[in-house]
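Working notes for the structure below.
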Amino acid sequence: MISGARIVITGGAGFIASHIIDRLVNDNAIVVYDNMKRNALKYSPNHAHRNLTIVQGDVLDAPSLDKVLEGADICVHAAAIAGIYSVGDSLTRTMKVNLIGAYNALESTVKHKVARFIDFSTSEIYGPYSYRSTEQDVAKVGPASEKRWIYAISKLAGEHFAHAYGSDFGLKVTTVRPFNVYGPRQVG
Numbered sequence: 253m254i255s256g257a258r259i260v261i262t263g264g265a266g267f268i269a270s271h272i273i274d275r276l277v278n279d280n281a282i283v284v285y286d287n288m289k290r291n292a293l294k295y296s297p298n299h300a301h302r303n304l305t306i307v308q309g310d311v312l313d314a315p316s317l318d319k320v321l322e323g324a325d326i327c328v329h330a331a332a333i334a335g336i337y338s339v340g341d342s343l344t345r346t347m348k349v350n351l352i353g354a355y356n357a358l359e360s361t362v363k364h365k366v367a368r369f370i371d372f373s374t375s376e377i378y379g380p381y382s383y384r385s386t387e388q389d390v391a392k393v394g395p396a397s398e399k400r401w402i403y404a405i406s407k408l409a410g411e412h413f414a415h416a417y418g419s420d421f422g423l424k425v426t427t428v429r430p431f432n433v434y435g436p437r438q439v440g
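Take the sequence shown: its position 35, counted from the start at 1, is 287 in my numbering, and no numbers get skipped.
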């Protein structure tokens with residue numbers, strides 16, 4: 253288990269990230285960077301923990317994100333536009349947040365020599381009929397005219413961004429592709 257680290261979590265008020273915080277907050281300094289639009293963290297018993305700092309911000313605001321990542325040991329990049337309705341409401345915003353947001357986080361991570369970048373992607377990259385997928389399975393790509401692919405492709409591109417930074421700058425990168433996540437504190 254990680255201990256004694258300063259961990260910045262983009263999208264930290266989100267459903268998955270709020271549960272990650274529960275596991276890490278006792279032994280680490282956690283900084284949540286989130287626009288607070290879908291605040292699952294407020295339902296966590298740790299929402300006011302002494303080791304938790306919340307910074308309201310947008311991953312598209314590169315200077316603000318850069319300040320937060322200064323001095324971090326780990327960046328967990330969980331910020332994204334997700335969910336059928338949220339994605340459908342603004343396809344261009346989905347692409348911007350999921351791609352440019354990842355780029356901004358990666359740039360600051362490298363600039364500040366953050367030791368590790370953990371990128372949250374999605375099982376959606378395997379397509380709608382994925383069954384028993386493995387990391388070696390090929391990602392599926394659908395037509396640009398179908399809205400459902402905007403999210404999957406933007407997250408897949410974010411993975412490629414992260415691993416390119418790993419290759420070019422020696423950044424330690426881990427990609428997580430959650431499948432069918434549900435449970436307490438799920439909002440939106």
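The beta-carbon is built from N, C-alpha and C at its ideal position, and this holds for glycine as well.
Small disclaimer: the values here were computed from a predicted structure and weren't measured.
Minimum C-alpha distance to residue i - residue among the options
i      : options                        : result
Thr305 : Val425, Lys294, Pro380, Ser397 : Lys294
Asp279 : Ile402, Met347, Arg258, Asp420 : Arg258
Lys407 : Ser419, Gly422, Val428, Leu423 : Val428
Ile352 : Ala314, Val362, Val339         : Ala314
Gly435 : Ile377, Gly266, Leu343         : Gly266
Val277 : Val339, Val307, Asp371, Arg302 : Arg302
Gly418 : Val366, Asp274, Thr344         : Val366
Val425 : Arg345, His412, Asp318         : His412
Ala269 : Val328, Leu317, Ala409, His415 : Val328
Tyr378 : Asp371, His364, Phe431         : Phe431
Ser296 : Asp286, Asp310, Asp274, Lys289 : Asp274
Gln308 : Ala331, Gly323, Ala416         : Ala331
Gly340 : Tyr285, Trp401, Gln388         : Trp401
Gln438 : Ala281, Gly335, Ser255         : Gly335
His299 : Asp310, Gly323, Val283         : Val283
Helix, strand or coil at residue i [DSSP, three-state]
i      : result
Lys319 : helix
Asp274 : helix
Ser336 : The identity of residue 336 in the sequence shown is Ile, whereas the question assumes Ser. Helix at Ile336.
Asn298 : coil
Start and end residues, beta strand (DSSP E) containing residue i
i      : result
His329 : 326-329
Ala265 : Ala265 -> no beta strand (DSSP E), and no H or E assigned at all.
Arg290 : No beta strand (DSSP E) holds Arg290; DSSP gives it neither H nor E.
Ala371 : It should be pointed out that residue 371 corresponds to Asp in this sequence rather than to Ala. It spans 368-372 - the beta strand (DSSP E) in which Asp371 sits, taken as one unbroken run.
Closer than 7 Å to chain B by CB, residue i
i      : result
Met347 : Going by chain labels, chain B is absent from the structure shown, which holds only one protein chain.
Beta-ladder partner(s) of residue i, from DSSP
i      : result
Arg345 : BP columns for Arg345 are empty, so no partner.
Thr305 : Val283
Ile254 : In DSSP, Ile254 forms no bridge with anything.
Val260 : Val283, Cys327
Endpoints, the alpha helix (DSSP H) within which residue i is located
i      : result
Ala354 : 353-363
Which parts of the stretch 378-438 are runs of the beta strand (DSSP E), unbroken and 3 residues or longer, counting only runs that do not cross its ends? Entirely contained in the stretch 378-438, the beta strand (DSSP E) runs reaching 3 residues are, in chain order, 424-428.
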